[in-house]
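Have a look at this one:
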């Protein structure tokens with residue numbers, strides 16, 4: 007159950023006191039949502055970093071009205087509410103724009119937008135892209151490419167992967183064709199997704215790309231591959247240094263493997279109950295089940 011699932015009518019208010027930080031949360035349908043973040047005394051404000059899928063957006067692909075109200079309540083008290091997603095800007099879920107996010111950190115820390123201004127960008131060098139593509143073909147895998155201005159796919163061996171298929175269908179449903187990389191020369195690569203089956207030489211491919219990529223395993227047949235050193239934590243580090251904010255005063259909300267770096271980096275990790283066990287073990291607070 008996602009964070010969005012829990013923000014429903016007739017929710018019951020709870021409080022949690024840690025390090026003189028009061029979090030009032032709402033519990034309903036067996037889950038937890040941050041509703042108000044308030045420091046007792048002083049004028050310091052915190053940053054709250056939110057994963058998207060499974061944390062803000064539920065499985066049905068919706069964001070309840072009460073989610074927007076909770077975020078606005080945080081911002082009204084002076085706190086910064088920040089999207090921190092593995093997705094490129096081109097794949098940001100459109101209803102998120104109904105919430106006045108202070109900052110977007112996209113593509114595992116590679117693109118940062120502060121109040122509409124693009125303040126940081128990173129990506130793969132073209133020569134590195136060519137090496138990765140050549141090796142993926144040699145190892146009989148497929149590649150899904152993510153860029154700020156679109157996505158592409160090379161599925162040379164017709165490998166089926168539910169997450170990749172869903173992403174392609176989502177773009178096609180928006181009238182945005184997903185073509186091969188050769189047909190999409192305008193794209194600047196921020197992240198590869200490597201998908202494979204039993205005929206693929208996964209080990210050889212992963213051994214080859216480790217010097218070039220951060221390797222994030224999403225499921226048994228799918229890896230996310232941003233540039234080496236890039237993660238949800240690297241984007242947060244840039245923002246905290248720019249803002250002179252201590253990571254120990256910040257909050258992270260997530261539910262999956264690609265949130266691990268963020269959850270470990272910040273002082274107050276909050277993890278959804280439905281997260282894998284190894285992710286829940288990182289939490290200062292786990293959203294409770296009924």
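In our numbering, the protein residues as written are 7 to 296.
Built from N, CA and C at the ideal position, the CB exists for glycine as well.
All values derive from a computational prediction rather than experimental measurement.
Can you tell me the Cβ-Cβ gap for residue i and residue j, rounded? I've got them flagged as a contact below 8 angstroms.
i           : j           : result
residue 274 : residue 261 : So it is not a contact: roughly 16 angstroms between Cβ atoms.
residue 155 : residue 192 : 7 angstroms
residue 224 : residue 169 : 7 angstroms
When the distance is taken between beta carbons, is residue j closer than 7 angstroms to residue i?
i           : j           : result
residue 233 : residue 130 : yes
residue 54  : residue 257 : yes
residue 111 : residue 90  : yes
residue 265 : residue 57  : yes
residue 199 : residue 271 : no
residue 160 : residue 190 : no
residue 137 : residue 162 : no
residue 297 : residue 248 : Outside the shown range of the chain (7 to 296) lies residue 297, about which nothing can therefore be said.
residue 244 : residue 119 : no
residue 297 : residue 167 : Because the chain in this structure spans residues 7 to 296, residue 297 falls outside the shown range and cannot be described.
residue 222 : residue 230 : yes
residue 63  : residue 99  : yes
residue 165 : residue 181 : no
residue 101 : residue 69  : yes
For residue i, which residues from the same chain have a beta carbon less than 6 angstroms from its beta carbon, with the 5 sequence-adjacent residues on both sides left out?
i           : result
residue 97  : none
residue 86  : 53 and 108
residue 236 : 114, 115, 116 and 220
residue 246 : 253
residue 128 : 116
residue 194 : 129 and 153
residue 205 : 146
Below 7 angstroms CB to CB, which residues in the same chain sit around residue i once its five sequence neighbours on both sides are set aside?
i           : result
residue 207 : 145 and 146
residue 284 : none
residue 184 : 157, 158, 159, 174, 177 and 178
residue 214 : 141
residue 210 : 145
residue 251 : 53
Take residue i and list the residues in its own chain whose beta-carbon comes closer than 8 angstroms to its own, dropping the five residues that flank it on each side.
i           : result
residue 267 : 237, 238, 239 and 240
residue 81  : 87, 106 and 108
residue 67  : 99
residue 286 : 277, 279 and 292
residue 124 : 117 and 118
residue 121 : 108 and 109
Below 6 angstroms, is the gap between the Cβ of residue i and the nearest heavy atom of the ligand NAP?
i           : result
residue 161 : In the structure shown, the ligand NAP is absent, as is every other ligand, since no ligand is present at all.
When the Cβ atoms of the region 102-109 are set against those of the region 73-87, are three or more pairs found closer than 8 angstroms? Contact check between the region 102-109 and the region 73-87: three or more CB pairs, one atom from each, fall below 8 angstroms, which counts as touching.
Start-end ranges of the beta strand (DSSP E) lying completely within the region 202-252, minimum 3 residues: Restricting attention to beta strand (DSSP E) runs no shorter than 3 residues, the region 202-252 encloses them at 222-225 and 228-231, ordered along the chain.
So within the region 63-116, which uninterrupted beta strand (DSSP E) runs reach at least 3 residues, ignoring any that extend past its ends? Whole beta strand (DSSP E) segments, 3+ residues: 86-90 and 109-112.
Enumerate, from N- to C-terminal direction, the unbroken alpha helix (DSSP H) stretches of 4 or more residues contained entirely within the region 136-193. If you keep only unbroken alpha helix (DSSP H) runs of at least 4 residues inside the region 136-193, you get 168-179.
Which complete alpha helix (DSSP H) runs does the region 249-285 hold, if anything under 4 residues is left out? As far as the region 249-285 is concerned, its whole alpha helix (DSSP H) runs of at least 4 residues are 266-271.
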